[in-house]
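Novice: Under full-length UniProt numbering, think of the first position of the sequence shown as 1, with each following residue one higher.
Ideal Cβ placement from N, Cα and C applies to all residues, glycine included.
I'd like to ask you about the structure that follows.
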Amino acid sequence: GTPQKYDPTFKGPIYDRGCTDVICCVLLVIAIVGYVVVGIVAWTHGDPRKVIYPTDSRGQFCGQQGTPNDPPVSSSPIQICVSKCPDRYLTYLSAYSSRTPGELEYYQHFCVPEFKNLQKAPIKVLKDKECPAMIIPSTPLARRCFPAIRAKKGVIMVGNETTYDDGHGRRRNVTELLEGAKKANVVLETRQLAMKIFEDYTVSWYWIIIGLVIAMVASFIFIVLLRFLAGIMVWVMIVMVILVLGYGIFHCYMEYAKLKGEAGSDVSLKDLGFQTDLRVYLHLRQTWLAFMIILCIVEVVIILLLIFLRKRILIAIALIKEASRAVGHIMMSLLFPLCTFFLLCLCIAYWASTAVFLSTSNEAVYKVFNETACQFSGQTCKPETFNTSNVTKLCPDAQCLFAFYGGETAYHKYLIILQFFNVFMFFWLANFVIALGQVTLAGAFASYYWAFKKPDDMPAFPLFSAFGRALRYHTGSLAFGSLILAIVQVIRVTLEYLDHRLKAADNKFAKFLLSCLKCCFWCLEKFIKFLNRNAYIMIAVYGTNFCTSARNAFFLLMRNIIRVAVLDKVTDFLFFLGKLLIVGSVGILAFFFFTQRIKLVQDTAPPLNYYWVPILTVIVGSYLIAHGFFSVYGMCVDTLFLCFLEDLERNDGSAEKPYFMSPNLKKLLKKTNKGQPDA
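If you want it as structure tokens, here you go:
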């Protein structure tokens, strides 16, 4: 591309601008309206109780008003809502023939609600599936009854028995119930773990908040210190890398010299061939010689890069220091990520609730079940009219039972498309919210850079002004950029889904092709995010449409590719170091506090079931807080960098075309504004 020309009217972010990418803005509004309609339809048809409450064999919810009984549901071949779980071994045959008063009446609690005829022949009762063939001692868990399995002196028992009658005259070992109960035990243990974790949060929540406040203060202090220590930190990092590589070369030489004369150490790598045990290679002199040569080459390359790129590294450090000043003048920018976070939470909540209602909007499907041959077997039926239909006449033993949740209407047929639309809109809106935050911060920081006298020439409320311009003029451009990114992300999700489905398959070519596609679209997503970020900066400054801004930003960066690479790596290191320092410091402090190793506050630390619960919470929260601070700082650096490159191309330091960069940058580049004092 061609460098930017001098424009005497340009004094920073343009205020007299027009709406951009209006078509995309209209598409976004239509899509949001459609998304609301989908949500309303889902909320009308969906029923989240299907996720929470169990159902009986007829598809009725247990424990709800209008259902025959209360939870839990018995885990027998026929699902029945019961008021309590069985507490004894019993078969229907033994209960029917028992002379113990009330035995059959007790068993009746675990039969279908319509079963009233206690004199009915047991064979007929079991054939009609009105009662289970047997019941066993059970315990309630997750609104269901599971075998009460326990171990006594290494022997698996249910109740006090090691065997049970299966209701068909056969004795079975209780270990046959163990496999089904294992998952129940996992759920029970998880439930107990969740309760203990909740207890830990109730006694430590205020200390967790204190830890997060410390992380917030530490993040702010680190950003302030970058103004003074950025150069020292970068050069210390570079020296450390050189010293580490130097030690690596020395270590390789020592290992190479130590192996001299040892048996088998002079075998070449070519003669040895490929070995699965990689430790074999460490006993060869040639291996250490290769390591030493590689490290020497890397060391020389780094030293040469430092010699030739030292000026660009100094520019990167100066820009990082300048970003700290900009953030200091626009302190509200540090709180702006809270707005973005709130909007993202709304997107996630709407997507999650819509997904739940869509997934539970299926209707109960009933099918014909029978034990003998029947032409109607497997066909759908309606319980209300089943007894008067021809099916019962032609197949006397047939029953109309609940099969699954589904549906055959047009709505149910296109349910998967609505789920796909829900996912797509989530990505689009989430990316739009992030884009809105980026263009707002870019507009605010650009107003700082293009103020000739900083901060006197800055607008009164740069952040709010930038936010208003972004919403009023550039909603369409933000929608365009986020739409492109959302399409790529949906494709990536689809590829991950296909890869998950193909894991069991033995098609190596398909797996290889999927891996290649996943890699390509991962790279494409990273590139689009990078391009969008810089395009939003150009939109915030010039008010051009998305395509023009993306093209101008791309060519501007390509004309300064070495500066871009150096600045990117230097800032990446500083941000990594900052996050590591903040998260590590706060995490260590939390560890010593909650494990009661700080004597001054030893009695203040609350008693905990698991001390790692508040520690991990503080660590994760500290990382999110540090990431929020550094995302603002990173956007500031990128914005100032693009403005800096534009400044160099537009202006020459003359009285008509003065530089807007800070005095430190001008001094570093040996630039001056002729005839004007530096701001």
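Taking the straight line between their C-alpha atoms, what separation do you get for Q375 and F110?
Specialist: Cα to Cα, the separation comes out at about 31 Å.
Novice: Classify M538: buried if its beta carbon has 16 or more other beta carbons within 10 angstroms, exposed otherwise.
Specialist: So M538 counts as buried.
Novice: Would the beta-carbon of I582 fall within 8 Å of that of S219?
Specialist: Cβ distance < 8 Å, so I582 and S219 count as in contact.
Novice: For the alpha helix (DSSP H) containing L281, list its first residue and its last residue.
Specialist: The amino acid occupying residue 281 in the given sequence is Tyr; Leu does not appear at that position. Careful: Y281 lies outside any alpha helix (DSSP H) and carries neither H nor E.
Novice: Taking the C-alpha atoms as reference points, what is the distance between D16 and F228?
Specialist: Approximately 37 Å, taken between the alpha carbons.
Novice: Count the other C-beta atoms from every protein chain shown that fall within 10 angstroms of the C-beta of T354, then say buried if there are 16 or more, exposed otherwise.
Specialist: Classification of T354: buried, given that the 10 Å Cβ count is 16 or more.
Novice: Taking buried to mean at least 16 other C-beta atoms within 10 Å of its own C-beta, is Y256 buried or exposed?
Specialist: Classification for Y256: buried.
Novice: Under a three-way DSSP split, which group does K518 fall into?
Specialist: In the structure shown, K518 sits in a helix (DSSP, three-state: H, G or I).
Novice: Quick check on F369: does DSSP put it in helix, strand or coil?
Specialist: Strand at F369.
Novice: Using 8 Å as the threshold, is the C-beta distance between F480 and T440 below it?
Specialist: Cβ distance not < 8 Å, so F480 and T440 don't count as in contact.
Novice: By alpha-carbon positions, which one of Y281, I320, L295 and K260 ends up nearest to V241?
Specialist: Ranking the options by Cα distance to V241, first place goes to L295.
Novice: Beta carbon of A590, beta carbon of I615: below 8 Å?
Specialist: Cβ distance < 8 Å, so A590 and I615 count as in contact.
Novice: How is I14 classed by DSSP in three states: helix, strand or coil?
Specialist: In the structure shown, I14 sits in coil (DSSP, three-state: anything other than H, G, I, E or B).
Novice: Counting Cβ pairs closer than 8 Å, one from the region 383–398 and one from the region 447–466, do we hit at least three?
Specialist: The region 383–398, when compared against the region 447–466, does not touch it at the 8 Å Cβ threshold.
Novice: Since F146 is in the beta strand (DSSP E), which residue starts that stretch and which ends it?
Specialist: Looking at the DSSP string, the run of the beta strand (DSSP E) that includes F146 is R144 to P147.
Novice: Give me the DSSP bridge partner(s) of C85.
Specialist: None; C85 has no bridge partner.
Novice: Considering only the alpha carbon of each residue, which of A230, L344 and S359 lies closest to R325?
Specialist: Of the listed residues, the one whose Cα sits closest to R325 is A230.
Novice: On the premise that G443 lies in contact with P13, defined as a C-beta separation below 8 Å, what is that separation, rounded to the nearest angstrom?
Specialist: So it is a contact: roughly 5 Å between Cβ atoms.
Novice: Select from I484, E384, V300 and S359 the residue whose C-alpha is nearest the C-alpha of F420.
Specialist: The option with the nearest alpha carbon to F420 is S359.
Novice: If the criterion is Cβ atoms closer than 8 Å, does the pair Y96 and V613 meet it?
Specialist: Contact: no.
Novice: How far does the alpha helix (DSSP H) with residue 680 in it extend, from its first residue to its last?
Specialist: With the chain running from 1 to 679 in the structure shown, residue 680 is simply not present.
Novice: Go to G621, then tell me how far its alpha helix (DSSP H) extends in each direction, as first and last residue.
Specialist: Residues W612 to R650.
Novice: Shortest alpha-carbon distance to V493 belongs to which of R533, S549 and F424?
Specialist: When each option's Cα is compared against that of V493, the closest is F424.
Novice: Check the DSSP bridge columns for F402 and list the partner residues they point to.
Specialist: Bridge partners of F402: Y366.
Novice: Here's the rule: buried if 16 or more other CB atoms are within 10 angstroms of the residue's CB, otherwise exposed. What is M216?
Specialist: M216 is buried by the Cβ-count criterion.
Novice: Let me know the beta strand (DSSP E) ranges lying completely inside the region 315–399, each 3 residues or longer, listed in chain order.
Specialist: Taking only runs of at least 3 residues, the beta strand (DSSP E) segments lying wholly in the region 315–399 are 363–369.
Novice: Roughly how many whole angstroms lie between the Cα atoms of Y623 and L259?
Specialist: The straight-line gap from Cα to Cα measures roughly 46 Å.
Novice: Please classify S662 as buried or exposed, where buried requires at least 16 other C-beta atoms within 10 Å of its C-beta.
Specialist: Buried is the call here.
Novice: Taking 8 Å as the CB-CB limit, is G378 close to chain B?
Specialist: The displayed structure is made up of one protein chain only, and chain B is not part of it.
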